[in-house]
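**Q** Residue numbers (the working numbering): 6 to 263. Ideal Cβ placement from N, Cα and C applies to all residues, glycine included. Bear in mind that the values here come from a model prediction, so they are computed numbers and not experimental data.
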Ligand SMILES: Nc1ncnc2c1ncn2[C@@H]1O[C@H](COP(=O)(O)OP(=O)(O)OP(=O)(O)O)[C@@H](O)[C@H]1O
């Protein structure tokens with residue numbers, strides 16, 4: 006379990022976390038929601054040890070994140086950050102293989118290569134294997150980075166807006182893969198999402214941030230309400246449930262009554 010206890014973080018006068026505590030469980034997908042600029046990406050970078058907190062503790066099992074444990078700590082992560090641009094002439098399959106840089110030597114092992122090709126194939130992207138990464142579209146690049154994160158087989162899978170550049174089809178391909186792989190390999194998975202309906206469909210758990218506070222946490226079936234949506238985003242909404250109780254949110258124009 007990844008445990009965050011009493012996290013406090015401030016940039017100048019901007020409070021990003023005030024006594025924030027939560028637990029992420031293995032085998033579960035957690036989605037972080039919240040308005041722009043509220044600190045979602047910063048929270049992921051903090052979990053990765055990229056940002057020093059003012060106070061608080063972050064632990065995984067018996068280990069705690071400290072300057073001394075940082076290298077080992079990071080080796081547990083598959084981290085897909087926002088907005089990566091490539092300016093080097095590598096092929097797609099080579100970038101995916103870099104996910105296992107720990108296992109690479111001068112000759113690429115056949116098993117690793119076929120693993121990388123299988124991941125691409127399973128997402129319907131085998132045709133991209135030999136493409137120069139500098140020629141990829143934004144969405145293709147995002148799928149490739151996801152494949153690289155899967156290639157790592159991490160204990161903690163962390164993704165920052167992983168579907169922001171994807172069309173409807175690939176949004177579902179990526180999130181379905183993420184969910185299946187999380188359950189199959191017991192990954193502790195956390196992602197930032199803006200789409201509430203995708204979060205409700207694919208996440209077991211939500212963390213809702215606003216103004217440095219964790220304002221709601223739990224199963225989307227229980228916590229995703231019209232009141233929460235209005236409180237967080239200042240947008241009127243209606244929330245319906247499908248036959249299995251999964252909520253879906255219909256937001257209203259500002260001149261429509263809820
Ligand atoms: N290193 C930094 N120094 C000072 N301020 C920072 C730093 N990094 C981020 N910020 C500020 O912290 C706030 C939170 O940024 P962050 O990127 O975490 O927000 P976010 O919730 O992920 O936003 P978005 O939904 O727009 O991607 C923003 O106001 C940002 O400008």
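Sorry if obvious, but does the Cβ on residue 47 come closer than 7 Å to a heavy atom of ligand 2?
**A** Questions concerning ligand 2 fall outside what the structure shown contains, since the ligands it does hold are ligand 1.
**Q** Run through DSSP, which three-state label would residue 176 get?
**A** Your numbering for residue 176 matches position 171 in the chain shown. Of the three classes helix, strand and coil, the one that applies to residue 176 here is helix, per DSSP.
**Q** Would you kindly check if the distance between the Cβ of residue 148 and the Cβ of residue 102 is under 8 Å?
**A** Numbered from its first residue, the chain shown carries residue 102 at position 97. Numbered from its first residue, the chain shown carries residue 148 at position 143. No.
**Q** Check whether the Cβ atoms of residue 237 and residue 150 lie closer than 8 Å to each other.
**A** What you label residue 237 is simply residue 232 of the chain shown in a count that begins at 1. What you label residue 150 is simply residue 145 of the chain shown in a count that begins at 1. Cβ atoms of residue 237 and residue 150: not closer than 8 Å.
**Q** According to DSSP, is residue 252 part of a helix, a strand, or is it coil?
**A** Looking up residue 252 in the chain shown gives position 247. Of the three classes helix, strand and coil, the one that applies to residue 252 here is strand, per DSSP.
**Q** I'd like the list of long-range same chain contacts for residue 94, defined as Cβ closer than 7 Å, with 5 residues on each side in sequence excluded.
**A** Indexing the chain shown from 1 puts residue 94 at position 89. Result list for residue 94: 137 and 139, in chain order.
**Q** Using 8 Å as the threshold, is the C-beta distance between residue 83 and residue 70 below it?
**A** Start at 1 with the first residue of the chain shown, and residue 83 comes out as number 78. Start at 1 with the first residue of the chain shown, and residue 70 comes out as number 65. Going by C-beta atoms, residue 83 is not nearer than 8 Å to residue 70.
**Q** Using a Cβ-Cβ cutoff of less than 6 Å, which residues in the same chain neighbour residue 86 once the five nearest sequence positions on both sides are dropped?
**A** In the chain shown, the residue the question calls residue 86 occupies position 81. So the list reads 165, once near-sequence residues are dropped.
**Q** When you compare each of 224, 216 and 163 to residue 44 by their alpha carbons, which one comes out closest?
**A** The count along the chain shown starts at 1 and reaches residue 44 at position 39. Nearest of 224, 216 and 163 to residue 44, Cα basis: 216.
**Q** Over the uninterrupted alpha helix (DSSP H) stretch that includes residue 45, give me the two end residues.
**A** One-based indexing of the chain shown puts residue 45 at position 40. 45-52 is the extent of the alpha helix (DSSP H) around residue 45.
**Q** Hey, would you say residue 211 sits closer than 8 Å to residue 36, going by beta carbons?
**A** Here the question's residue 211 lines up with position 206 in the chain shown. Here the question's residue 36 lines up with position 31 in the chain shown. Yes, the Cβ-Cβ distance between residue 211 and residue 36 is below 8 Å.
**Q** By Cβ distance below 7 Å, which residues in the same chain neighbour residue 27 in space, the five residues on each side in sequence not counted?
**A** The residue you call residue 27 lines up with position 22 of the chain shown. 9, 212, 219 and 222.
**Q** Measuring CB to CB, does residue 58 end up less than 8 Å from residue 12?
**A** Counted from its first residue, the chain shown places residue 58 at position 53. Counted from its first residue, the chain shown places residue 12 at position 7. Yes. Within cutoff.
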